[in-house]
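Residue numbers (our numbering), protein chains in the order written: chain E, 3 to 672; chain R, 494 to 1022; chain F, 69 to 172.
C-beta atoms are modelled at their ideal positions from N, C-alpha and C, and glycine is treated no differently.
These figures come from a predicted structure and were not determined experimentally.
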Amino acid sequence: MNEASRCLAVVPFLCLAGFLANGLLGRRLGRNGGAAVGVAAAIASFLFSIPVAREVFSTGEAVKADLFSWIDVSDLQVKFAFLCDRLSVIMLLVVTGVGSLIHLYSAGYMAHDASVPRYFAYLNLFMFSMLLLVLGDNLLLMFVGWEGVGLCSYLLIGFWFEDPEKAYAGRKAFIVNRIGDFGFALGLFAIFMVFHSFDYETIRANLGDSNIREKLLHTFDLGIWFVDVKLSLVGAITLAFFLGAAGKSAQIPLYVWLPDAMAGPTPVSALIHAATMVTSGIYMICRLSHLFVMAPPTMDIIAGVGGATAVFAALMALAQNDIKKVLAYSTVSQLGLMFLALGTGGFSAGFFHVFTHAFFKALLFLGAGSVIHALSGEQDLRRMGGLKNKLPATFATMLIGTLAITGIPPFAGFFSKDEILWKAWEGCLTGQNVGHGLVLGLLGTVASAMTAFYMFRLLTMAFLGAPRGSAEAHSHAHESPWTMTLPLIVLAICSVAAGFLNVPHALHGGAHFSAWLQPVVAAWPEIATAQHVSHHSAERGLMVVSTLIAFGVSGFALWIYLKRPGLPAEVIQKSPGLGQLYALVRDKFYIDEAYDRVVVRPVKLTAFALWIFVDVLIIDMFINVAALVAEVVSEAARRLQDGVVGTYAVWFLAGAMLLLGYFLYILGAA
Amino acid sequence: MSAPILSALLVIPVAGAALVALLPRENAREAKLAALLTALLTFLVSIPLWTQFRPGNAAMQFVETRAWVPALGLTYKVGVDGISVLLVILTTLLMPICVLASWSITDRVKEYMAAFLILESAMIGSFVAQDLLLFYVFWEAMLIPMLLIIGVWGGRRRVYAALKFFLFTIVGSLPMFVAIIYLYFKSGAQTFDLETLRAALNPAGNEPLPLTVSAARWCFFAFALAFAVKVPIWPLHTWLPDAHVEAPTAGSVILAGVLLKMGTYGLLRFAIPLFPGTAAEFAPIMIVLAVIGVIYGSLMCLAQEDMKKLIAYSSVAHLGFCVLGMFVWNDKALSGSILQMVNHGISTGALFLCVGVLYERRHTRLLEDFGGIAKVMPWYAAVLIIVTLSSIGLPGTNGFIGEFLILLGTFQVKKLPAIFASTGVVLGAAYMLWMAQRVLFGRVTHEENEHLGDLRGREWATLLPLLVLIFAIGVAPNVFLNRVAPTVENYNRQIRAAIRHENERREAENRHRALMTPLEAPGPGDSRK
Amino acid sequence: MLTLHNCLLLSAILFATGVFGVIARRNVLIVLMSIELMLNGVNIAFVSFARFYPGSSQAPAGHVFVLLTMAVAAAEAAVGLAIVIAWFRNRKTTDTEEMRSLRW
């Protein structure tokens, strides 16, 4: 092992050590000690990942670290080994870098909490799991991290467990994620059936094998009643994996846990529910991109689900009043955009959005946390306002984050989002697949337009205008300590700069990021990629249009919420139809309630009914009736036992006579 | 010949039980200490089973053979292989833990301890016996101490629960006894020795099969019934919740930890190898029942208010996985199945210990009586969460390895059962976390709960070994699997070959009969009566 | 007229008398004595078969059985009488109809 792979082997375990220290010795460490250990573990893992990254960036080759053989049963051989290639190095840097910043921020944010060591223990454990997910050299290790981050998410959402609602939100997140994991697991089983291995490299290498390709493309008829469905094996596998991705990355129909996950501490929302964990679904699909492109129907489903989620979630974000809920739905929506990109073959585009989104969404969440911190826990946008001068650093950085997510050039979001929109519109604008491209493109554009609106609504309601909360709260508001503002500033710088890593060819940039990923992700559809060069003007045109939309919608939102804050209410009052629509959006289309009615309650009811009818009534009835019969018969039979020797003697005699008679009969017969 | 470890394991607990029983009634503390020391000694003696076990060897190891009643073909033959070695050690490990967990027993202490020690001998005996009748003796011998433990030291409805347990088990095992005797005469081997019987029942060449098809079916049914009750396989499971609810903590630990494994172990050791062809014939039914058990057991958990009942039903689900892994004859699935037996012993044992911790403090097990315990007993909460996670098979814990191997292996052979069983993983998370939440999270709603003390030294001593194992198996499963794997590979190879062989023969016979019947029918030998 | 038939007749009469005594009499002492009668009836049967069965001198099984029965009968009488005395001390009765504490 060279130095880089030694460092690679160490990185995740630094976080594990932090977890163990805080988890076992938390009480002895105390608040400050716990925070110090937690932050140190995160920063150390970042420092140790630098040599790894340098190695990968300089050679372009993967750094590997074999630790030990984990499971070894007959033909199943799974190594506990790390692999840092072109794809995972980016995740590695994001997780440890943004993670470190958020750890630092947490030290300030959670300073007054009663159980700081427990918090940092969970956070470090999360980093460990996330690093396993990202760095594992096989799908099974990814699955370990995958479930591990789900666990940490559960623990951190329910961090303030004394509030039953928060504990419930944690549990909901875990169970919904488990539904996704069910898909992931099925995908694993099927992968093993085809490849007899979970290693990325083996899978990738064997994809070229014609026998395996044939096996994968073998089509099954799933004729159910009148619906004639044809599904290839690879289609089934990728759909199963997509179910997993949809669970973790909060896509329809499994997105419901993410808004509730905002019950956790705000830095947690920033790290887990915005920057890292929720993007692991995209990471996974990029990892398996060569498999996914073999199943065009799955790709279409991914694009469709992503686009629909992007619009649907953005719609709900428009009507939320809780600052964190707005950001949560925004995250769901942005994740939808990423899936839209993946589904159209824009693996590097989607992944680039993961990268930039990590910065600006973490920034926005941390900014929101700073606001909440300043207002002693107030989260309702309607009671904020006028905080611009009270929290100058927070405002400035939030502004940058907002501009970035809105897609205003030259902030990071502009480049990543335009890449996605181009992939979505590509089919339409190049005339290859007009209807398909039109639908997806419209979904993407509408979602980004709504992004501009709700983000500027949030910014204006929180920082601009007159204070709407109590005067006391407003006067007590204060800028946060340096531990919280420093991460904001660093993230703001990244939000400005990150986009320049992938300036598209259309703007005469080098598209370095896409070029970097090109060897590890699949190119699809092949024709479009080949003809990419010839459509630069169309791409430029799309950029202009979407930038204009972003500016226009942002300005509109600014105007409404600064000059005419009563306008939305007036409109709603005047038109009852719109009012109903608004209520529907505000109440999140009653999706949670619907799930409760359609899934949760029927399951519980079935469980209860089965218990009462099958277990207690039917099965136990057999037993109890058998016992009853035995009891009745023996009750009668024991009357024979009257205690008098004479009676026994008579019975005895009768028995003896019978036997004698029987023997005589036999003798006679013989 | 090396030291007779297995015989020592059988003798030491019984000797300890005799010693405990001879102590004067007043010396309850001494009785506990003596029992603890005996159990610890047994555990120490069993350690060489682990260290000296030759992992690469698929055959029986530590074998001891002595003539018992030669006239009847009865031998005292004991031995362990990869299937049973972990289970024996699990038994000896759980026993000191059970004694420690019973420290607060005040009623008839020495009888209680003696019952446990005798139970230990019987359990080990069942795992190591290589002679059908010897096995049957141990198998029935387990029943009595367990019946007493539930019936004497149990809860309010202990007599009902004990009788139900007894009746289910005895109804299941008497047909097995009849089948054993039947095999003795019909196999032509005139022996109870397992290996000889197996060979006699599955002749290699073209010798005539000793049993007719229907006789083999009846025998398999008799064996499977006895074991299915013990597992328990749906729908023979309803004794389990009652027995668990009424049994004292240590009784539940041993019941879930070891006794249920007798069922799965018996299927694996006796029912399948003796009648491989019939087992293959019935495999679809067993698989369906196992999957029903997984889903049904999980659903049941959602309807329970009593923690012990909930965990009891979760056992039905977990053992459903074990049974599933046995009837697909895939190496991964079977290895997972065996590991899952051990896992279930560890995590469910620990869960019952956790319930016991609360029960000792509050004398209730109803979920509604708790809430917010995490605030009052943080270490306890941490332990319960870890054990819960192990029970729902989170990667990094033991449960994951077992369940994953079973499902992975099953999927390679039977897709749909694996898919349906996988939903049990989702439901598992739902009910276990629901339980954890109702106990641990939220505000403290009952005043009595506000000043509960956290885990004490003795409770740590019972839980810590199990916690260590949870992570040890999760992180380094190879240490355990490489002891299991050679036996499993050999086992499956034999069973698959036997099934193939038997099917071929039956087919050939059928062809033969189809050819011969029309010719023979009007023959002179076929007189009409 | 010491024929096998007559001997067996005697044996049967003795045995039947014993049976009648056990069933019909209520005094526990008489019951015990009747049991002795039955045993002796059987003994006579054994001895007579031994006497009249050819070749019995080589294998005197009947005689051996009689000796065994007598020993058992003596032991049984000792234990039985001891129980009767213990019972009489406690309950002041020898009536079997009143000795029914072992009923269901």
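- When the alpha-carbon of E/V307 is set against those of E/A64, E/G568, E/T346, the nearest one is in E/T346.
- Only exposed fits E/Y664, as fewer than 16 other CB atoms lie within 10 angstroms of its CB.
- Cβ proximity to chain E below 9 Å picks out L656, K657 from the stretch 630-658 of chain R.
- Per DSSP, reduced to three states, the secondary structure at F/S116 is helical.
- Under a 10 Å Cβ-count criterion, R/W822 is classified as buried, with 16 or more other Cβ atoms of the shown protein chains found around its own Cβ.
- Counting along the chain, no beta strand (DSSP E) covers R/T705, and no H or E run does either.
- Uninterrupted alpha helix (DSSP H) stretches at least 4 residues long and entirely within the stretch 507-552 of chain R occur at 521-544, given in chain order.
- For R/Q905, the C-beta contacts it makes with chain E under 9 Å involve F191, F194, M195, in order along the chain.
- Your pair E/N208 and E/F197 checks out as a contact, with CB atoms roughly 5 Å apart and the cut at 8 Å.
- For E/I621, the chain R residues whose Cβ falls inside 7 Å of its Cβ are P728, T731, in order along the chain.
- Of the candidates E/A629, E/L444, E/S497, the residue whose Cα lies closest to the Cα of E/G409 is E/S497.
- The beta carbon of F/E165 sits closer than 8 Å to some beta carbon of chain E.
- Within the DSSP secondary-structure output, E/F84 pairs in a beta bridge with E/A67, E/G138.
- Secondary structure at E/N391: coil, using DSSP grouped into helix, strand and coil.
- The distance from the Cβ of R/E995 to that of R/G770 is about 3 Å, consistent with a contact at the 8 Å cut-off.
- Among the residues of chain E, none has a CB under 8 Å from the CB of R/P668; the nearest is roughly 15 Å distant.
- Not a single C-beta of chain F is nearer than 8 Å to the C-beta of E/V634.
- Bounds of the alpha helix (DSSP H) holding E/V441 are 436-465.
- Taking 4 residues as the minimum length, the alpha helix (DSSP H) runs contained wholly in the stretch 77-136 of chain E are 88-111, in order along the chain.
- For the pair R/L760 and R/A709, the CB atoms are not nearer than the 8 Å cut-off.
- At a cut-off of 8 Å between beta-carbon atoms, R/N971 makes contact with chain E.
- R/A552 counts as exposed, since fewer than 16 other beta carbons sit within 10 angstroms of its beta carbon.
- Excluding its 5 nearest sequence neighbours in each direction, R/P970 has C-beta neighbours in its own chain below 6 Å: I894, listed in chain order.
- Residue state for R/G572 is assigned as strand, using DSSP reduced to three classes.
- Along the stretch 782-821 of chain R, the beta strand (DSSP E) does not occur as any fully enclosed run of 3 or more residues.
- Restricting attention to E/C288, E/S71, E/G648, E/Y563, the CA atom closest to the CA of E/A468 is found in E/Y563.
- E/V646 reaches chain F at T164, E165, R168, counting residues in chain order whose Cβ is nearer than 7 Å.
- With a threshold of 16 other beta carbon atoms within 10 Å, R/M606 meets it and is buried.
- Assignment of E/E637 by DSSP, reduced to helix, strand and coil, places it in the helix class.
- Taking E/D382 as the centre and dropping the five residues before and after it, the same chain places the C-beta of N323, D324 closer than 7 Å to its C-beta, in chain order.
- Residues of chain F with a Cβ closer than 7 Å to the Cβ of E/V652 are, in chain order, I91.
- Rounded to the nearest angstrom, the gap between the Cα atoms of R/R691 and R/S539 is 28 Å.
- In the three-state reduction of the DSSP assignment, R/K754 falls in the helix class.
- Within the stretch 569-609 of chain E, the alpha helix (DSSP H) runs of at least 4 residues that lie entirely inside it are, in chain order, 569-576, 578-588, 593-597.
- CA-to-CA, the gap between R/Q905 and R/S915 works out to about 14 Å.
- By the Cβ-count criterion, R/F678 is exposed, with fewer than 16 other Cβ atoms from all chains shown falling within 10 Å of its own Cβ.
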